Amino acid sequence: MKKFALKTLWMSAMLLAAAPLAFAAPPEMPRYRFENFTTANGLPDNHVFAVLVDGDRIWAGTENGLAVYENHEWKTYTTKDGLAHRAVLSLALDKNTGDVWAGTMAGLSRISGGRIDTYTQLNSGLSNDVVYGVSVEGENVWAATAAGGCRFDLRTGQWSLYNERNTPMVEIWTYAVSATPTKVYYGVWGSGVLEYDQKTGRWDKYDDPDGENEMVLFKDQGLIHEIVTSVSYVDNILWAATYFGDSRYDGRYWHNFLTKDSGLPSNFTNFVKGVDAKRAWFCTDKGLAYYDGVSWAVYRPSLKDGKPEMTVRDAEGNVTPVAVTTAPAHNYVLGIDFQGDDIWLATAKGLSHGIRQQQ
Amino acid sequence: MSWRNQTRMRAGVVAGLALLAAAFFTVALWTGRAVHADERDSSSDVLDYASPLEVLLSPDGARLYVLCQQSEEVRVLDGASYAAIKNIAVGRVPRGFSLSPDGARLFVTNSWDDTLSVIDTSALAVVATWPVGAEPSSVVEDRAGKRLFVANRISNDVAVLDAQTGVEEKRLLAGRGSSYLALSPDGSKLYATHVYPNPSPHRTAPESEITVIDAARAVVADRIPLHAIAGVFHVAFSADGRLGVVAEYHPKNLVPLAHLEHGGAFEDTITVFGADVGKTVEVPLDELERYASQPFGVAIAPDKSRIYVTSGGSEMVTVVDVRRLLRFIHTHPGPFVQDLSASANYVVTRIAVGHNPRGLTLTRDGRRLFVANRLEDTISVIDTRTNRVVSTIALAGPKKISVLRHGEQTFYSARYSFQGQIGCATCHIDSTFDGIQWNLEPDGFGRSIVDNKLLEGVKDTEPYKWTGTNPDIPTECGPRTEKYFWRSEQYDNLTLADLAVYIRSLPPRPNRWRLANGELTPAQERGKAIFERAVDKFKKPIPEYNRCSYCHSGPKGTSQKIFEVGTRKPTDNTGLLKAPPLTNIALTAPYLHDGSARTLEEIWTVYNPDDRHGRTNDLTKDELNDLIEYLRTR
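Here's what the structure looks like:
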C-alpha cells in the first residue's frame with residue numbers, strides 16, 4: 011500500500027513537471043467582466059459611436075443623443091438641449107476646463123456645465139457640419155470634418171481651416187484627429203495620415219509609399235492603407251487604423267498589423283487608441299483587440315454562437331482560448347476609453363463597461 | 004485727443020489736488036435733489052472726476068477703499084473718520100476690486116488695458132500688474148489664497164490665475180459679458196454673472212445664467228438658468244450661505260415698446276436662490292410709480308434680515324425684508340415678475356442717494372451701509388437701523404458739474420421717463436448696448452424689429468437709426484426719445500445738448516483683435532484684401548455698391564449712406580438701411596438691423612443668398628473666415 015502511494019506521488023510530480031512542456035500557458039493578458047448598457051437600462055440608443063471617460067462620468071455618443079452616466083443614472087442631451095444633431099460621432103474632453111466637445115452629423119457642440127453651445131458651418135468658421143473626429147489640445151479644439159480639418163482657437167475665437175489648398179491633403183474627407191502639444195495627426199479617408207508640427211507649423215503626409223496603390227506592397231514599408239479611420243498619438247508613437255489593417259509609426263519605422271501576421275481579429279478597424287509606445291487597443295468589426303507589444307488578446311461575443319469569448323495569441327502565433335463568462339455588447343466595436351484599469355466600449359449594440367479582474 | 008486721454012494727462016494734477024483735499028475733506032449731507040442747469044459748468048472742459056464705482060471695507064473696518072473709475076485709482080479713506088489716506092493709481096478704466104481673505108492684498112481689474120493691479124494694503128502701493136483676459140471686470144481670490152478668479156467681459160469667461168504669480172491657468176466658459184463674481188461663504192463655490200444675454204434664437208426671450216464654479220477644482224459645476232433676463236449684475240450671499248441674490252434687468256422686448264404707462268419696458272428685479280428659497284425665484288423691486296431702474300449692487304445684512312439693492316437709474320437703495328420676502332415666496336405660487344403690487348410685501352423702504360449709485364458694502368456689524376454714487380463723486384453712508392443717509396462723503400475733485408458729467412448723469416438717470424422707469428443706460432449698459440432686439444412704437448406695432456446698437460464711437464456717423472432717418476444725435480435722443488421712450492417731455496435744451504455731447508464723447512474701447520504692433524495677422528491681411536477687392540474670383544468686376552469697402556468706408560466703417568442689401572423682412576417697413584459703423588463689430592452680436600444673424604458668419608452664410616450684401620458667394624469657407632478675421636479688427 012505504502013509502495014503504491016509513493017509510486018503515485020512520484021508519477022504525479024513527473025506529470026506536473028512535464029506539463030509546461032506539453033501545454034505552454036498563454037501570456038497573462040488583462041481580463042474583464044463586461045457590464046453592458048442598452049436601451050433596456052437607460053441608454054438612449056444602442057448604436058454607440060463614441061465613448062468618453064470623464065472621471066466618474068461616462069459620456070456615450072449615440073445615434074439618438076449624447077448620454078452621460080453618472081451616479082448610476084443616465085441623462086441624455088438632445089437637439090432640444092442645443093445639441094447640434096442627434097447622431098454623435100466623436101467626443102473629446104478638455105481636461106483643463108472639464109468641457110466636453112461632441113462632433114455630430116450636423117455640427118460641433120460644446121457641453122460646459124450643462125450648457126450646450128453649437129458651432130456649425132453656417133454660424134461659425136467650422137469647415138463642415140459632419141464632424142467625424144474631435145480632439146482638444148491646450149486652448150485649441152481640432153475637428154476632423156467631411157470638408158477638411160479645422161482648428162478653433164478658444165482664446166481668440168479664430169477658426170483655421172486645413173484642406174487641399176493649404177496642406178498636402180488629396181482628399182478632404184478627414185475622419186479622425188489626435189492633437190497633442192507637439193504634433194497633430196489627421197486620419198484622412200483616402201489620403202493617409204496628415205501630420206502637423208506645432209512648432210514649425212508645417213504639414214507632412216504619410217500615405218501609399220509608391221503613390222500608385224492605396225496600400226503598401228511590402229510589409230512595414232509605410233502606412234498600411236490610405237483609408238485611415240482613426241489615429242492615436244501617444245508617447246511619440248503614432249497608431250493608425252484603417253479598414254485594411256493597422257500601423258504603428260515611431261517617427262522612423264513603420265510596423266504594420268494584419269490578421270495574417272498579428273492577433274487582429276479583423277483588418278477592418280474602426281478605432282485605435284494607444285496606451286503608450288508599446289500597447290494599444292484596436293476596435294474592429296470582429297471584436298476588440300489588445301496588443302501589449304508582444305501578445306494579443308481578443309474580446310467579443312463569439313462570431314459563431316454569440317457566447318462570451320476571449321482568446322490570447324502569443325509571440326509565436328499560438329492562440330489559446332480563455333474561459334470567460336461575459337463579453338462586450340457586440341463584436342462591432344467603434345470606440346474605447348480608459349477608466350483606470352477598466353475599459354469602456356462603444357459598440358453597434360450597446361455600451362460596455364469592462365471591469366478589470368484580478369488574475 | 005479723447006476725453007480719457009485728457010483725463011490721464013491730468014492724473015498728476017488730480018493726485019495733487021486729492022492730497023490737498025485730503026486735509027480738508029468734507030462730510031456733507033446730500034439733499035437728493037436733481038442737478039439744475041445753474042449748477043452746470045458751461046465749459047466743455049473735461050474735468051477730473053473720481054467716479055466712484057465700487058466700495059469696500061477692510062476686514063477690521065479701519066479702511067474704506069473706493070474704486071474710482073474715471074480718475075483710475077483706488078482711494079483709501081479712514082473707515083471711521085472718512086479722512087483721505089492715500090490715492091493709488093491703477094490701470095485704465097478700473098471696473099472691479101476685491102480684497103484677499105486676509106485683507107493683505109487688494110486686487111483691481113483694469114477693464115481697458117486688460118490687467119490686474121495687485122495692491123499691498125500695508126504699503127498701500129501697487130506691487131504687481133498682471134495681464135489678464137479681455138476687459139476684466141471683477142476678481143475674487145479663493146479661501147486658500149491659491150487661485151484668483153477674474154471675470155472677463157469681452158472674452159465671456161472666468162480666468163483662473165495663480166494667486167501668487169498671476170500666471171493664468173485656464174479660462175472657464177461663462178455667460179456673455181461675464182462681469183461679476185462672488186464666493187460662497189464657505190468658499191466652495193464661485194458664482195459668476197454676465198451683463199449681456201447668452202445667444203438664443205431670434206425673437207425669443209433672452210436667456211442668462213449664474214455660472215457656478217467649483218472653487219477647489221476650478222471647473223464649471225453648474226449653470227443656474229435665468230429665463231427672460233438680460234443684464235445680470237452683482238451677486239451676494241447671506242453669511243450662512245443659504246441665501247443668494249443677484250440684481251438684474253428683465254426686459255419686455257418681445258412685445259412692442261409702446262407705452263411705459265401700460266406696463267413698461269423693463270422689470271427691475273432680483274433673483275434669489277439657495278437653500279432658504281428652495282428654487283430660483285425672480286421677484287420685482289418695482290412698484291407703481293416707484294421703479295428701481297438699473298439694479299446693480301446687492302448686499303445682504305450679516306443677520307440676514309435685509310437685502311440692499313442699488314438702482315443706478317433711480318438713484319436709490321431698495322431695502323428688502325428677507326423674512327417677509329421668504330414668507331411671500333413660500334406662500335404665493337408666482338410668478339411675480341409682472342406684479343407691481345408684489346414688492347409691497349417685502350420692500351421696506353427706498354432710500355434716496357446720489358447720482359448713479361453702484362457698488363455698496365456693509366460694515367461687519369451691519370450698522371452702516373456705504374454706497375458709491377458714481378456720477379456725483381460721493382459715498383452715501385446709511386444707518387441701517389433708521390434707513391437714512393446719515394452722511395455723505397464727498398470725494399476730492401471738481402465740484403462743478405461739467406457739460407460731460409451732466410450729459411452722463413442724464414444718460415444714466417431714469418428720472419426723465421414716465422414714472423422714472425428707464426434711462427438711456429437701461430438699454431445701453433455701461434454706455435454700450437444690451438444685446439437684444441426691440442419693437443419700437445414709431446415704426447408700428449409688430450413692425451421693424453431692431454437690434455440695439457453700440458454707442459461707442461458713434462460721433463460723426465450720422466444719420467442715426469438703422470434706417471438713417473434721424474439726422475443727428477439731438478434728433479435721435481431728443482423729442483423722439485421723449486415721445487416714444489420716456490412718454491414725457493422733460494429735457495430742457497441744455498440737458499439735451501449735454502446728453503448729445505456726452506454720447507458724442509464716447510470713445511471706442513480698445514480693439515482686442517488687433518495685434519499690439521498694429522499689424523494684421525496673415526488671415527486678417529487676406530480678409531482685408533477681400534474687404535477691399537473690386538474684382539471677384541471669376542475676374543468679374545464687383546459694382547461699387549456691392550463692395551464691402553464702399554458701403555463700409557472710412558475710419559469707422561460707414562459711408563453714412565443708405566443702401567438696400569436684401570435683408571428686408573416681411574415685417575420691415577423698408578429695406579433701405581444706413582451702412583452701420585463697424586466699430587468693435589466683434590462684440591455686438593447678433594447682427595443685421597433686426598438681429599436675425601446670430602453671428603458674423605450668418606450675415607453671409609444665411610442672409611446673403613443673392614450677393615446683395617456684398618459679393619461673397621464666390622468665397623470659399625476659408626476666405627469667408629479670413630474676411631471675418633479682418634472685420635474683427637475694426
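Note that the protein sequences, when read in sequence, are chains U and G.
Going by the numbering used here, the first residue of the first sequence is number 11, and it counts up by one from there.
Going by the numbering used here, the first residue of the second sequence is number 4, and it counts up by one from there.
Even glycine gets a Cβ: it sits at the ideal position worked out from N, Cα and C.
Note that the coordinates shown come from a computational prediction; the quantities given were computed from them, not determined experimentally.
Pairwise C-alpha distance: residue j and residue i
i, j, result
"G/Tyr610", "G/Gly569", "8 Å"
"G/Ser241", "G/Val301", "11 Å"
"U/Val285", "U/Ala189", "15 Å"
"G/Tyr494", "G/Ala218", "49 Å"
"G/Asp621", "G/Arg150", "49 Å"
"G/Ile631", "G/Asn587", "12 Å"
"U/Leu344", "U/Arg43", "19 Å"
"U/Thr239", "U/Gly158", "14 Å"
"G/Val235", "G/Arg245", "20 Å"
"G/Gly180", "U/Asp214", "41 Å"
"G/Thr2", "G/Gly423", "Any question about residue 2 of chain G goes unanswered here, given that chain G covers just 4 to 637."
"U/Asp351", "U/Lys283", "15 Å"
"G/Val130", "G/Leu176", "29 Å"
"G/Val258", "G/Gly267", "10 Å"
"G/Asp340", "G/Asp160", "The amino acid at residue 340 of chain G is misidentified as Asp; the sequence shows Val. Near 29 Å, if we compare the C-alpha coordinates of G/Asp160 and G/Val340."
"U/Asn133", "G/Ser114", "29 Å"
"U/Ala29", "U/Val329", "Below a pLDDT of 50, predicted positions are generally treated as unreliable, and U/Ala29, at 47, falls in that range; no measurement from the model is reported."
"U/Asp109", "G/Leu102", "30 Å"
"G/Ile232", "G/Tyr252", "6 Å"
"U/Gly273", "U/Val61", "24 Å"
Cβ-Cβ distance between residue i and residue j below 9 Å
i, j, result
"G/Gly99", "G/Ser141", "yes"
"G/Val351", "G/Asp386", "no"
"U/Trp264", "U/Val226", "yes"
"G/Leu509", "G/Gly460", "yes"
"U/Pro331", "U/Gly364", "no"
"U/Leu1", "U/Leu53", "Absent from the structure is residue 1 of chain U, since the part of chain U shown begins at 11 and ends at 369."
"U/Asn2", "G/Glu172", "With chain U covering 11 to 369 only, the question about residue 2 of chain U has no answer from this structure."
"G/Leu328", "G/Tyr294", "no"
"G/Gly471", "G/Ile606", "no"
"G/Asn201", "G/Arg174", "no"
"U/Gly197", "U/Val241", "yes"
"G/Ala53", "G/Asp380", "yes"
Cβ-heavy atom distance, residue i to the ligand MG, below 8 Å
i, result
"U/Phe228", "In the structure shown, the ligand MG is absent, as is every other ligand, since no ligand is present at all."
At what residue ranges does the region 484-518 of chain G contain a whole run of the beta strand (DSSP E), taking only runs of 3 or more? none
Counting Cβ pairs, one atom from each stretch, are 3 or more of them under 8 Å apart for the region 536-554 of chain G and the region 491-507 of chain G? Verdict: no, contact absent.
Return the residues of the region 105-117 of chain U that lie within a Cβ-Cβ distance of less than 9 Å from chain G, sorted by chain order. Asn106, Thr107, Gly108 and Asp109
Please list the residues of the region 244-266 of chain G that have a C-beta atom closer than 9 Å to any C-beta atom in chain U, keeping them in chain order. None of the residues of the region 244-266 of chain G has a beta carbon lying less than 9 Å from any beta carbon of chain U.
Where in the region 231-265 of chain G do unbroken runs of the beta strand (DSSP E), each at least 3 residues long, occur, reported from the N-terminal end onward? Runs found: 235-240 and 247-254.
Along the region 178-203 of chain G, what residues have a CB closer than 7 Å to any CB found in chain U? Those would be none; no residue qualifies.
Would you list, in chain order, the members of the region 173-193 of chain U that have their beta-carbon closer than 8 Å to a beta-carbon of chain G? Asn173, Arg175 and Asn176
Is the region 394-403 of chain G in contact with the region 203-218 of chain G, if contact means three or more CB pairs nearer than 8 Å? no
On the three-pair Cβ rule with 8 Å, is the region 330-347 of chain G touching the region 274-285 of chain G? yes
Where in the region 42-91 of chain U do unbroken runs of the beta strand (DSSP E), each at least 3 residues long, occur, reported from the N-terminal end onward? 58-64, 67-72, 75-80 and 83-87
Quick test of the definition: if touching needs 3 or more C-beta pairs under 8 Å, does the region 457-471 of chain G touch the region 555-570 of chain G? yes
Just by C-beta distance, which residues in the region 163-176 of chain G are closer than 7 Å to chain U? Residues Lys173, Leu175 and Leu176.
For the region 195-212 of chain U, enumerate the residues whose C-beta is nearer than 9 Å to any C-beta of chain G, in chain order. none
What runs of the alpha helix (DSSP H), each 4 residues or longer, lie entirely inside the region 533-563 of chain G? 551-554
Does the region 305-314 of chain G come close enough to the region 427-445 of chain G to have 3 or more Cβ pairs within less than 8 Å? no
Using a Cβ cut-off of 8 Å, which residues of the region 599-624 of chain G contact any Cβ in chain U, in chain order? Arg601, Thr602, Glu604, Glu605, Thr608, Val609, Thr623 and Lys624
Note down, one range per segment and in chain order, each beta strand (DSSP E) of at least 3 residues found wholly within the region 71-150 of chain G. 76-81, 87-92, 97-102, 108-113, 118-123, 128-134 and 139-144
Listed in chain order, which residues of the region 135-156 of chain U have Cβ atoms closer than 9 Å to some Cβ of chain G? For the region 135-156 of chain U, which is checked against every Cβ of chain G, the residues closer than 9 Å are Gly135, Leu136, Ser137, Asn138 and Glu149.
Write down every uninterrupted run of the beta strand (DSSP E) in the region 274-344 of chain U whose length is 3 residues or greater and which is fully enclosed by it, in chain order. 279-284, 290-294, 297-301, 306-311, 318-323 and 329-332
Give, in chain order, every residue of the region 219-235 of chain G whose Cβ lies closer than 7 Å to some Cβ of chain U. Answer in chain order: Val222, Val223, Ala224, Asp225 and Arg226.
To be precise: take each residue of the region 515-530 of chain G, compare its Cβ to all Cβ atoms of chain U, and keep it if any distance is under 9 Å. Which residues remain? Arg515, Trp516, Thr524 and Ala526
Let me know the beta strand (DSSP E) ranges lying completely inside the region 409-445 of chain G, each 3 residues or longer, listed in chain order. As far as the region 409-445 of chain G is concerned, its whole beta strand (DSSP E) runs of at least 3 residues are 440-442.
Please identify, using Cβ separations under 8 Å, the residues of the region 121-135 of chain U that lie next to chain G, in order along the chain. Ser122, Gly123, Gly124, Arg125, Asp127, Gln131, Leu132, Asn133, Ser134 and Gly135
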